[in-house]
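Those protein sequence lines, which keep their order, are chains A and B. For the first sequence, the numbering used here puts the final residue at 570, and the numbers step up evenly by one. For the second sequence, the numbering used here puts the final residue at 1922, and the numbers step up evenly by one. Backbone N, C-alpha and C fix where the C-beta goes; we use that ideal spot for every residue, glycine too. Data first, discussion second: the structure below is written as structure tokens.
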Amino acid sequence: MLSILQLIESPGEVKGGSAIYCDQDQCTDLLSLSEKQIASYRGNKIGMIYQQALAAFNPVQKIGRQLTEAIKTHNAKSAENKNHLRNLLSKVEIKNPDRVIDSYSHQLSGGQLQRCMIAMAIINSPNILIADEPTTGLDVITQKSVLQLLHSLKSKLNMSMIFISHDLGVIAEMADSVVVMKDGVIVERGKTLDIFANPKSNYTKALLLARPNITSKSKRLPTFDDLENDVDINSDLFKPIELQSILERQKVLLNNSNLLEVRDLSKSYVVEKGLFGKPSSQVQAVKNINLDLKCGEVLGIVGESGSGKSTLASLILNLESADKGSVSFKGQNIFLLDKKEMRTLRKDIQIIFQDVGGALDPKMKTSSSIDIALRIHYPSMDKKQRRDKIISLLKQVGLTEKHVDRYPHELSGGERQRVCIARAISLQPQLLVCDECVSALDVSVQAQILNLLLDLRDDLDLSMIFISHDLSVINFMCDRILIMKSGKIVEQGYPQDILQNPQEEYTRKLLAAIPSF
Amino acid sequence: MLSYFVKRILLFFPSIFLIGAFTFLLFNATPTDSVASLLRLDGFEEKVISEKLYKSQYKKIASELGLDLPKFYFAFVPRYYPDTLHRIIDKQERKQIVDLLSHHNDWAAVSSFIYQGEVRLQSTETKETKKLITDLLWVVKPDDLDTKLISAMGTLTSPEVSTFLDQAQIVSQQKTSWFIFPKFLWFGTSNQYHAWISNFFSGSLGRSVQDGRPVWGKISKALGWTLSLVVLGLSFTILISVPLGIWSARNGNSRMVRLLSNFFYFIYAMPLFWFATLMVVFFTTAHYGNWTNIFPGVGINPYAGDESTVSKILANANQLILPVFCIVLNSIAYLSSIVRNSIIAESNQAYKTTALLKGLTEKATFWKHLFPNALLPLVTIIVGAVPASLAGSLIIEVIFNIPGIGRLMFDSIFGNDWYVIFSIVMLVGVVTVISYLIGDLLYSYLNPRIRFDQAKKV
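As structure tokens, this is what we get:
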């Protein structure tokens, strides 16, 4: 999409083709315009918004000034008019426009910034708005309100919109017609309703099927490869599991012993220090959390960003020290262990992260990333044994021998996450903590990883804490769910109960916000 | 924000206090006797005038300098020490008393021994007895006092001396007090450090032992020269480096950019003293042919004429061209590469795309968004460069013979002129602390991410 507006950075370049923009009866090829000419289209006739609104604003200029600049650029004579800005900001449903005008980007929340970015894009009433994953990175509730806003602005300003997303639910809610792309090529196009009801290409089918369902759960999720290899997607494997067998499994788990017990766990961060270093304001990230994890159980933790999910994970791994409370692993309080005992315990609790790029050392091959963990915890293994073990681990997570000597940048996102999983299971842990481990992956890769994790759960008798903001993923993975909000558990129970019949207002709000098709 | 400002400013005072204390400690550790040097300057040579006159003059100067005050606001001393030991100016005398005290842990006995001795010295006539008593009092090691006393008893027989001898007998015996917990003495503000640092801030830094002129006068004259070097050097460096950095950031891979930046790194890598010497040899002499002899020979006479420093600097402006040239050429590589990297880092930020999407041209995006943001880190660097080049001007000033701070420092070190040296050390310290204070405050003012706390969401 950037290429339409001539914003491709070198070494990329537009090889050919044209992008025709028609205004009433005048048509121009945008790609043939000079820099000055295309600049007069950008922000004036074609507006664009994208994800990560925090980075999109100049950090050292006030929001108001940056908004005014968008007006002045195309309309040099228009005076700086605060009223105009105020109207605009209330149009994008910002509650206190005056304060936002006078703020810097780091003082606003993600949702507010996304609204400001939308305001900046529509400030000159463009005919086209390009929205590139505008809600990725926002939590479901904010996402819903931003989508609603875009929808109403579209009709109010009579704009056309190009909406780019990997999330089919979002597309279904927003789009009139859809274009499905894979590897730079359009694989299918048509009216939204047609595509969703009757997909033609395997890729589109995979995208639609690979998304776990919120109302029922199956044993496996069909993937693109399954469709390509003519696997029968109507087999029992992909069908919803009977409630009876779900209840049976939950009953079995209930009788298992506790692997992890968390009691009264609290943690706060100092946000601001007073004149003499005394904390003057704190954020309570985790507040009096109690939870039990049975052996073999998968416990889901759901919550929007900032609800304390990740802090809870790092407390359970003893990566951070708690203010209060205890975490007992197999009856042993891990906060009371000394460094050496903790190091042996690390073997039993492993974590995989969301940021697959950051979790691997960019200068280490796949083999050395895993090797290092093996060397620390199994000093008796020799080089050959370790290499064999690494290869068998990689095979276990669906990679092949050729991935052994690759660097992270030579792997795709899904492959990297598989390497992270291989590293985590290399130590034969009993507990695997998955912190938003599929959030950054696209739907069909996400399905592969989720399938893999369930296989591993059964093969290795793993217990898991599965942290996610995505309720449908949680439903597919978990035996039990905790809903967290601002550091506290607001609701907990079995997925079939919570998702069908939520008790708390907040859970209901979360469920309502999920875009669906 | 306000709390940050107040905190930062409050931190200023303890840092100055500590820098001062450390400088003062070094100052006191230097082995020279500045009182003797000052006396020599006034024409009082130890050998020429009578010992009595010399001593009284010494005492007078020493108390003028405040040397009879305690060193610091407080002290921890052994319990048997007197509270007023600092009043003894003569280092040797003080050492003898301390030795006596550690031999015989009783100040009453030691002080009465010394008092009796001094009384005898005032009244006895014969040279021989005088010598004996002086020996016993100030020369003999306390451990040998008893043996020396026995031999002295034979000579000193007059009844007047007997009280002194009795006292000496007592002191000669070892007496150890078992209570070793030291005692804490509080002197208040009448101490040498307090006087020294308050004199420093009121501009009376004492006299130079080389020519007797006030230290502040010497420093302020030298400061004019150095400041003109620093200001000229820094401004030209900025004027050249910033455009160069911008240019090389925007044409990253052109051959010209690489050539030029390699050239400047080549000069940056050369030691400054070597580069400066080359410049002097090449451009101020006819050694390599007349065409290279562009600049006048180095050397400025700081003492010639009575006109003010400013007019002297103006008159000798052509002498500053070559040194400024050296400074600038030497630092271009560093500063321009910082500007370049900073601009490149900013152009990878997403807000650049936003600005372009608004419809700003590449040029407007650069000048309105990227460039001002890229200059932010320069604030800290430039503010830090001022004290650094003040201290680092020594090489340039020595090679080009410019009477600035560095040159003054250099000369004072060779002349044992400690008052000047430590005044400069302290001055550079204070300038450093102030510059960093200004830098931090300015940076936090310019950068709202520091100015406001992240937690305060609107």
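Under the three-state reduction of DSSP output, A/Pro-293 falls in the strand class. One Cα belongs to A/Phe-519, the other to A/Ile-527, and the distance between them is close to 7 Å.
Against chain B, the beta carbon of A/Gly-96 has neighbours under 7 Å at Leu-1821, Lys-1822 and Gly-1823, listed in chain order. When only Cα atoms are considered, A/Gln-483 and B/Ala-1814 end up about 42 Å apart. If only complete runs of 4 or more residues are kept, the region 460–539 of chain A shows the alpha helix (DSSP H) at 466–478, 496–513 and 524–530, in order along the chain. B/Lys-1639 is the residue among B/Lys-1523, B/Lys-1639 and B/Pro-1623 whose C-alpha sits nearest the C-alpha of B/Trp-1571. Between the C-alpha atoms of A/Leu-427 and A/Val-498 there is a straight-line separation of about 27 Å.
Proximity of A/Val-113 to chain B, defined by a Cβ-Cβ separation below 8 Å, is satisfied.
If you check each beta-carbon in the region 1467–1488 of chain B against every beta-carbon of chain A, the ones closer than 8 Å belong to Ser-1467, Val-1470 and Lys-1471. Close CB contacts of A/Ser-93 within its chain, under the 8 Å cut and outside five residues either way in sequence, are with His-127 (chain order). In summary, A/Asn-309 is exposed, with fewer than 16 beta-carbon neighbours lying within 10 Å of its beta-carbon over all protein chains present. Around the beta-carbon of B/Thr-1701, 16 or more other beta-carbon atoms lie within 10 Å, marking it buried. A contact between stretches requires three or more CB pairs, one per stretch, nearer than 8 Å, and the region 350–366 of chain A fails this requirement with the region 383–390 of chain A. Residue contact with chain B for A/Phe-216: absent (no Cβ-Cβ distance below 8 Å to any residue of chain B). Look at A/Tyr-431 here: in three-state DSSP terms it is coil, with no helix or strand label. Note that the C-beta distance between A/Val-113 and A/Arg-264 is not below 8 Å. Scanning chain B for C-beta atoms nearer than 7 Å to the C-beta of A/His-137 yields nothing, as the closest lies near 16 Å away.
Against chain B, a Cβ distance below 9 Å from A/Leu-60 picks out Thr-1817, Leu-1820 and Leu-1821.
Under the DSSP assignment, A/Ser-213 falls outside any alpha helix (DSSP H), being part of the beta strand (DSSP E) whose first and last residues are 213–217.
With respect to the 8 Å criterion, B/Ala-1616 and B/Leu-1596 are classified as neighbours on the basis of their beta carbons. Under the three-state reduction of DSSP, A/Ile-147 is assigned to coil, being neither helix nor strand. At least one CB of chain A lies nearer than 8 Å to the CB of B/Ala-1814.
Counting only the Cα atoms, A/Asp-345 lies some 58 Å from B/Thr-1896. Beta-carbon to beta-carbon, A/Arg-168 and A/Ile-147 are separated by about 5 Å, close enough to satisfy the 8 Å threshold.
Fewer than three Cβ pairs drawn from the region 1496–1506 of chain B and the region 1602–1622 of chain B lie within less than 8 Å of each other, which leaves the two stretches out of contact. Note that the C-beta distance between B/Ser-1527 and B/Leu-1669 is not below 8 Å. DSSP places A/Thr-397 in the helix class (H, G or I) of the three-state scheme. Per DSSP, reduced to three states, the secondary structure at A/Ile-102 is strand.
Using a Cβ distance threshold of 8 Å, B/Ala-1797 and B/Ser-1712 do not count as a contacting pair. Interface annotation for the region 1826–1844 of chain B against chain A: Glu-1826, Ala-1828, Lys-1832, His-1833, Pro-1836, Asn-1837 and Leu-1840, criterion Cβ-Cβ distance under 8 Å. Proximity of A/His-127 to chain B, defined by a Cβ-Cβ separation below 8 Å, is satisfied. Counting C-beta pairs closer than 8 Å gives fewer than three between the region 134–145 of chain A and the region 86–105 of chain A, which falls short of the contact rule. When 7 Å is used as the limit between beta carbons, A/Gln-105 is near these residues of chain B: Ala-1814, in chain order. Three or more beta-carbon pairs drawn from the region 1647–1657 of chain B and the region 1534–1541 of chain B are found closer than 8 Å, and the two stretches are therefore classed as touching. For A/Lys-455, there are no C-beta contacts with chain B under 9 Å, since the nearest C-beta of that chain is about 33 Å from it.
Within the region 1787–1813 of chain B, no run of alpha helix (DSSP H) reaches 4 residues while sitting entirely inside it.
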